[in-house]
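Novice: In the working numbering, the protein residues as written are 133 to 636.
(1) Taking the alpha-carbon positions, what's the residue 279 to residue 286 distance?
(2) According to the Cβ coordinates, are residue 168 and residue 207 closer than 7 Å?
(3) Is the beta carbon of residue 307 less than 7 Å from the beta carbon of residue 234?
(4) In the DSSP assignment, find the alpha helix (DSSP H) that holds residue 619 and state where it starts and stops.
(5) Considering only residues of the same chain and omitting the five flanking positions on each side of residue 480, which have a CB-CB separation below 6 Å?
(6) Buried or exposed, going by whether 16 or more other CB atoms sit within 10 Å of the CB of residue 607?
(7) Report yes if the C-beta distance between residue 426 and residue 363 is below 7 Å; otherwise report no.
(8) For residue 631, which of helix, strand or coil comes out of DSSP?
(9) Determine the direct distance from the alpha carbon of residue 489 to that of residue 542, and round the result to whole angstroms.
(10) By the 10 Å Cβ neighbour count, where 16 or more other Cβ atoms means buried, how is residue 417 classified, buried or exposed?
(11) How big is the Cα-Cα spacing for residue 298 and residue 265?
(12) Any chance you could list the alpha helix (DSSP H) runs of at least 4 consecutive residues sitting entirely within the stretch 235-263, in chain order?
(13) Which first and last residues belong to the alpha helix (DSSP H) in which residue 469 is found?
(14) For the alpha helix (DSSP H) containing residue 503, name the first residue and the last one.
(15) How long is the line joining the alpha carbons of residue 394 and residue 380, rounded to whole angstroms?
(16) Taking the C-alpha atoms as reference points, what is the distance between residue 385 and residue 365?
(17) Looking at residue 204: is its Cβ nearer than 7 Å to the Cβ of residue 154?
(18) Using the C-alpha atoms, what's the distance from residue 506 back to residue 469?
(19) When you compare only the Cα positions, how much space is there between residue 355 and residue 337?
(20) My assumption, with CB atoms under 8 Å, is that residue 263 sits in contact with residue 593. Please give the rounded CB distance.
(21) Contact between the stretch 303-319 and the stretch 268-278: three or more CB pairs below 8 Å?
(22) Among 428, 443, 429 and 499, which residue has its Cα nearest to the Cα of residue 458?
(23) So residue 84 and residue 252 are in contact, right, with Cβ under 8 Å, and what is the actual spacing, rounded?
(24) Please go through the same chain and pick out, in chain order, the residues whose beta-carbon is closer than 8 Å to the beta-carbon of residue 390, but skip the five residues on each side of it.
(25) Give a yes or no on contact between the stretch 554-574 and the stretch 211-225, applying the rule of three or more CB pairs nearer than 8 Å.
(26) Can you grab the Cα-Cα spacing for the pair residue 432 / residue 370, in whole Å?
(27) What number of angstroms, rounded off, separates the C-alpha of residue 604 from the C-alpha of residue 260?
(28) Quick check on residue 184: buried or exposed, where buried means 16 or more other Cβ atoms within 10 Å of its Cβ?
(29) Using C-beta distances below 7 Å, list every residue in its chain close to residue 451, excluding the 5 sequence neighbours before and after it, in chain order.
(30) Going by the beta-carbon positions, is the gap between residue 569 and residue 563 smaller than 7 Å?
(31) With respect to the beta strand (DSSP E) encompassing residue 298, which residues constitute its N-terminal and C-terminal limits?
(32) At the level of alpha carbons, what is the spacing between residue 375 and residue 210?
(33) Pull up the distance between the alpha-carbon of residue 518 and that of residue 409, whole angstroms please.
See the structure below:
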């Protein structure tokens with residue numbers, strides 16, 4: 133197996149078939165074409181048969197792009213779909229890697245996105261012992277549930293072999309029920325990593341400050357997979373509590389190494405194996421502690437030492453708590469005067485717009501004028517897209533959206549989204565956002581407590597087995613943040629929980 137980005141033109145191992153597994157993007161198709169063209173330039177007799185598997189779907193547009201290059205098309209024996217739609221990040225978190233679902237739905241009315249989501253959920257459903265209940269909230273979710281009902285009734289699907297996974301409920305909820313929370317900066321360790329450094333699609337992290345095994349500091353970009361035991365302990369903690377946890381882990385490593393130094397003499401081979409294993413585990417834990425110390429220092433440097441970044445957290449919380457009202461926020465003006473990153477500026481403007489059900493015409497006009505003057509026409513196109521999606525708009529909008537306006541203040545009062553404390557208790561659902569419980573999370577939390585009474589439900593035709601191994605599968609249409617996942621992990625579900633989303 134070789135990476136198409138790194139492998140040579142011809143493998144040193146003799147073989148008669150070459151199978152290319154690529155993603156369903158034009159970028160991947162162009163890389164494949166370039167690779168096959170490079171084989172042709174060698175001018176040797178290539179007797180191998182080339183087969184292409186496109187994940188998850190070989191669309192007509194992708195097939196036509198391959199056919200446009202006749203020389204390359206003549207080399208390819210077959211082009212097929214590999215319908216894998218669900219990809220695991222962690223044991224309890226899966227993604228469909230569909231990053232642009234909200235934009236495609238809100239801007240283009242591309243309902244094929246919902247069909248892809250339904251197909252992915254159907255793949256998971258086929259792993260279950262019996263057909264689970266489907267519970268949904270929101271327009272998109274209702275359509276996905278309807279598609280899944282039709283898939284269940286399909287003659288070919290009903291004869292499919294069932295799995296052994298005891299899924300009792302599939303809970304589907306729209307991102308549009310709570311479009312505000314993704315505009316907030318995440319306050320958890322994993323969430324801030326994704327905000328400041330950014331995780332790759334598979335959950336990997338690339339940075340140039342990772343320490344080396346020999347103890348020296350990193351100086352070149354290195355990619356690491358954060359799935360170690362320490363990361364699992366830290367990922368859902370509020371950033372202010374990460375340092376305490378790391379110090380505690382350092383103490384545990386120190387104590388373990390001290391015990392190993394004083395380890396009694398070993399006479400049997402079994403005792404020596406145990407000793408060696410403990411030494412290796414202690415060294416690995418010490419190295420992982422250094423890795424997370426470096427990450428935490430980088431995050432705290434950005435949050436504490438960067439004046440603008442530290443101000444973001446304060447201003448965002450003040451916006452949703454009603455401190456600024458509908459007037460122009462001086463901090464947002466300062467950011468535009470300094471030509472700060474336009475996407476971050478738009479997140480703040482969208483946050484204020486969603487909080488108050490639109491901006492006053494004077495406030496909207498001031499923001500738009502400053503934005504156009506600072507960033508020009510190219511970045512203003514992003515403003516227009518957000519306006520068409522219903523994320524930035526005036527009190528009396530000139531552009532009508534297809535969806536009802538988001539009512540933040542009414543929803544937070546009705547659902548009780550603001551905790552009385554500031555979220556210091558790590559066990560509280562509100563701790564991930566410093567005292568605020570996202571509306572999407574609150575809907576799910578209340579659904580758990582009242583047994584989903586206010587959710588549309590497609591009941592299972594089978595007799596479900598409710599036991600300690602039961603699993604509830606939660607699917608968010610349109611994406612979920614890692615901080616929201618941390619909130620879900622704090623909810624007391626009566627069963628195991630698997631979180632699935634179109635993207636992270």
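Here a beta-carbon is modelled for each residue, glycine too, at the ideal position from N, C-alpha and C. Please read these numbers as outputs of a predicted model, since none were measured by experiment.
Specialist: Per the coordinate set shown:
(1) 11 Å
(2) yes
(3) yes
(4) 614-622
(5) 464
(6) buried
(7) no
(8) strand
(9) 10 Å
(10) buried
(11) 12 Å
(12) 244-257
(13) 462-469
(14) 493-521
(15) 22 Å
(16) 15 Å
(17) no
(18) 7 Å
(19) 5 Å
(20) 6 Å
(21) yes
(22) 499
(23) What is shown of the chain runs 133 to 636, which leaves residue 84 out entirely.
(24) none
(25) no
(26) 12 Å
(27) 11 Å
(28) buried
(29) 483, 484 and 487
(30) no
(31) That residue, residue 298, is in no beta strand (DSSP E); it is neither H nor E in DSSP.
(32) 54 Å
(33) 54 Å
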